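If you count the sequence shown from 1, position 3 lands on 2 in numbering that gives the first Met the number 0, and the numbers rise without skipping.
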Amino acid sequence: MELWEKALKKDFRALGKILRLIDDEDPEGLSILEKIARYGGHAEIVGVTGSPGAGKSTLIDAWLKLLREQGNTVAVICVDPSSPFSGGAVLGDRLRMQRHATDEGVFIRSVATRGQLGGLSSSVASMIEVLDAASFDRIIIETVGVGQDEVDVVRVAQCVVLVLAPLQGDEVQAHKAGVLEIADIIVVNKADAQGAEKTFKEVASAIELANSQKKKPKVLKTVATDGTGIDALEHETKALLAEIKKNRLDMERQRLQGLVIDFASKRFKEKALMLLESDAEVREAFDRAVKRDMSFLGVAKLILEKAMKSPDFDT
Numbered sequence: 000m001e002l003w004e005k006a007l008k009k010d011f012r013a014l015g016k017i018l019r020l021i022d023d024e025d026p027e028g029l030s031i032l033e034k035i036a037r038y039g040g041h042a043e044i045v046g047v048t049g050s051p052g053a054g055k056s057t058l059i060d061a062w063l064k065l066l067r068e069q070g071n072t073v074a075v076i077c078v079d080p081s082s083p084f085s086g087g088a089v090l091g092d093r094l095r096m097q098r099h100a101t102d103e104g105v106f107i108r109s110v111a112t113r114g115q116l117g118g119l120s121s122s123v124a125s126m127i128e129v130l131d132a133a134s135f136d137r138i139i140i141e142t143v144g145v146g147q148d149e150v151d152v153v154r155v156a157q158c159v160v161l162v163l164a165p166l167q168g169d170e171v172q173a174h175k176a177g178v179l180e181i182a183d184i185i186v187v188n189k190a191d192a193q194g195a196e197k198t199f200k201e202v203a204s205a206i207e208l209a210n211s212q213k214k215k216p217k218v219l220k221t222v223a224t225d226g227t228g229i230d231a232l233e234h235e236t237k238a239l240l241a242e243i244k245k246n247r248l249d250m251e252r253q254r255l256q257g258l259v260i261d262f263a264s265k266r267f268k269e270k271a272l273m274l275l276e277s278d279a280e281v282r283e284a285f286d287r288a289v290k291r292d293m294s295f296l297g298v299a300k301l302i303l304e305k306a307m308k309s310p311d312f313d314t
């Protein structure tokens, strides 16, 4: 049995190897993506985002407990800040969810951002495709806590949960439009702490006053440490996902369009940089542009023509 076939049967070791290949941008990983494409399209994909200290990992830990009690299989991708030395994920999120480590229905993987803007590693979308093909009922993506810059999760998730801690309501006040574009559900976590009720009211008020064509997000309260409010969070998430499923093909078309463009752009950028460094004609044109003997647009056009004719421009 091939590696990808084992992964389809939820063999965690095989899944781990494939995700590592994808994260390392190994050609074998891309080949496996081609083989498994027809097996996906069924998982519920939920993004969880928010600033540091909001308690995202603790909330996901409690959510996992509920989902497993309901009989769901769950895969979690934790996008961690990169280690400045090795480039590897710090793994803090995975440690917080350690009690699920021996559960055969929960697969957890940490991925480094590696300086990626927006908080999401470029390999996350491909990893989701693999986990979807492996028939996990729910895939949760926890993004690195960098606040409002973190909008990339919208590209890969069907539903986005924004987690706030008490006294973080000013984030919504200051960035109404951005938050409303990102979040489908807003959770005020640590609802038993001082300032939680004030934050809840501020968020609810900001949403009511916001001028947005998008459906306004639900605002909920949770205490992730003891599981309070997790039932309500799952109920609202399920209701939202049920609505999305009615237009699943349209949403999938929109989601995949973004992923296709992102992937193609990334590959072209890599090829363009290679040509700038190694192609004599491109280097000569670039030097002329530096001296103002030709336009930078001419260099870009030359790179585009060469890239499209290149026989190795296929991955």
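Where a beta carbon is used, it is the ideal one built from N, C-alpha and C, also for glycine. These figures come from a predicted structure and were not determined experimentally.
>> Going by DSSP in three states, A111 sits in which element: helix, strand or coil?
In response: Stepping through the sequence shown from its first residue, residue 111 is reached at position 112. Residue state, collapsed to three classes: strand.
>> Once DSSP output is grouped into helix, strand and coil, what is the label at F135?
In response: If you number the sequence shown from 1, residue 135 lands on position 136. In the structure shown, F135 sits in coil (DSSP, three-state: anything other than H, G, I, E or B).
> Can the beta-carbon of R317 be found closer than 9 Å to that of V152?
Replying inline: Past the boundaries of the shown model lies residue 317; the chain is included only from 0 to 314, so the question cannot be answered.
> In the structure shown, what three-state DSSP assignment does T224 receive?
Replying inline: As a first step, residue 224 is located in the sequence shown; it is residue number 225 there, counting from the start. The answer is coil: DSSP assigns T224 none of H, G, I, E or B.
> Is A88 buried or exposed, if buried means 16 or more other CB atoms sit within 10 Å of its CB?
Replying inline: Residue 88 sits at position 89 when you count from the first residue of the sequence shown. With a pLDDT of only 44 at A88, under the threshold of 50, the placement of this residue in the model should not be trusted, and no figure is reported.
>> Taking 6 Å as the limit between beta carbons, can you name the residues of its chain near A284, skipping five residues before and five after?
In response: Walking along the sequence shown from the start, residue 284 turns up at place 285. Within the same chain, A284 has close Cβ partners V298 and L301.
> Between E280, K215, R137 and K9, which lies nearest to Q157 when the distance is taken from Cα to Cα?
Replying inline: Along the sequence shown, read from residue 1 onward, the residue named residue 157 stands at position 158. When each option's Cα is compared against that of Q157, the closest is R137.
>> Can you check which of these residues, V202, T142 and A13, is closest to P216 by C-alpha distance?
In response: Reading the sequence shown from its first residue, position 217 is the one you call residue 216. Checked all of V202, T142 and A13; the closest Cα to P216 is V202.
>> Restricting to Cα atoms, I'd like to know which of A13, K16, G52 and S204 is closest to A223.
In response: If you number the sequence shown from 1, residue 223 lands on position 224. Nearest of A13, K16, G52 and S204 to A223, Cα basis: G52.
> Are the beta-carbon atoms of N188 and A164 separated by less than 9 Å?
Replying inline: By one-based count along the sequence shown, residue 188 stands at place 189. By one-based count along the sequence shown, residue 164 stands at place 165. Yes. Within cutoff.
> Between the beta-carbon of L58 and the beta-carbon of L166, is there less than 9 Å?
Replying inline: Along the sequence shown, read from residue 1 onward, the residue named residue 58 stands at position 59. Along the sequence shown, read from residue 1 onward, the residue named residue 166 stands at position 167. Against a cut-off of 9 Å, the Cβ pair of L166 and L58 comes out as no contact.
>> Buried or exposed for M96, going by 16 or more other Cβ atoms inside 10 Å?
In response: Within the sequence shown, numbered from 1, the residue matching residue 96 stands at position 97. So M96 counts as buried.
>> Taking the alpha-carbon of H234 as reference, which of L66, E276 and P26 has the nearest alpha-carbon?
In response: Here residue 234 refers to the residue found at position 235 of the sequence shown. Nearest option by C-alpha distance: L66.
>> Just to confirm my understanding: we take L20, look at its own chain, exclude 5 residues before and 5 after, and list those with CB closer than 8 Å. What are they?
In response: The residue given as residue 20 occupies position 21 in the sequence shown. Excluding sequence neighbours, L20 sits near E27, G28 and I31.
> T198: buried (16+ other C-beta within 10 angstroms of its C-beta) or exposed?
Replying inline: Against the sequence shown, residue 198 aligns to sequence position 199. Buried.
> Going along the chain, which residues of its own chain have a beta-carbon closer than 8 Å to the beta-carbon of A306, five neighbours each way excluded?
Replying inline: For this step, residue 306 is matched to residue 307 along the sequence shown. Taken in chain order, the residues that qualify are F267, K270, A271, L274 and F312.
> Rounded to a whole number of angstroms, what is the C-alpha to C-alpha distance between C77 and V160?
Replying inline: Stepping through the sequence shown from its first residue, residue 77 is reached at position 78. Stepping through the sequence shown from its first residue, residue 160 is reached at position 161. Cα to Cα, the separation comes out at about 14 Å.
>> Taking 6 Å as the limit between beta carbons, can you name the residues of its chain near D192, skipping five residues before and five after?
In response: Counting from 1 along the sequence shown, the entry for residue 192 is found at position 193. Residue identity check: residue 192 is Ala in the sequence provided, not Asp. So the list reads P165, once near-sequence residues are dropped.
>> Which same chain residues end up closer than 6 Å to A13 when comparing Cβ atoms and leaving out the 5 residues on each side of it in sequence?
In response: Here residue 13 is taken as the residue at index 14 of the sequence shown, counted from 1. Cβ within range, chain order: L2, K5 and A6.
> If you draw a straight line from the C-alpha of G226 to the C-alpha of Q69, how long is it?
Replying inline: Locating residue 226 in the sequence shown gives position 227, counting from the first residue. Locating residue 69 in the sequence shown gives position 70, counting from the first residue. Spanning the two alpha carbons is a distance of roughly 15 Å.
> Going by beta carbon distance, what residues of the same chain come within less than 8 Å of V155, once the five residues before and after it are set aside?
Replying inline: Here residue 155 is taken as the residue at index 156 of the sequence shown, counted from 1. Closer than 8 Å at the Cβ level, and outside the excluded window around V155, lie I44, G46, L119, V123, A124, I127, I140, R254 and L258.
> Going by other Cβ atoms of all chains shown within 10 Å of its Cβ, with 16 needed for buried, is F84 buried or exposed?
Replying inline: Stepping through the sequence shown from its first residue, residue 84 is reached at position 85. Only weak support exists for where F84 lies, its pLDDT of 37 falling under 50; the coordinates are left without a value.
> Whose CA, out of I181, G54, L18 and F106, lies closest to the CA of A190?
Replying inline: Counting from one through the sequence shown, the residue named residue 190 turns up at place 191. For A190, the nearest C-alpha among the options comes from G54.
> Got a sec? Which residues, its chain only, sit under 6 Å from A182 by beta carbon, not counting five neighbours each side?
Replying inline: On the sequence shown, residue 182 is found 183 positions in, with the first residue counted as 1. These residues qualify, in order along the chain: V159, L161 and P216.
> What three-state label does DSSP hand D79 in the structure shown?
Replying inline: Your numbering for residue 79 matches position 80 in the sequence shown. It is a strand residue.
> Got a sec, what are the start and stop residues for the alpha helix (DSSP H) G257 sits in?
Replying inline: Along the sequence shown, one-based indexing puts residue 257 at 258. Its alpha helix (DSSP H) spans residues R247 to S277.
> Once you ignore the five residues that flank L18 on each side, which residues in its own chain have a CB closer than 7 Å to its CB?
Replying inline: As a working note, residue 18 is residue 19 in the sequence shown. Within the same chain, L18 has close Cβ partners R108, M126 and V129.
> Can you name the start and end residues of the beta strand (DSSP E) that T57 belongs to?
Replying inline: Stepping through the sequence shown from its first residue, residue 57 is reached at position 58. That residue, T57, is in no beta strand (DSSP E); its alpha helix (DSSP H) goes K55 to E68.
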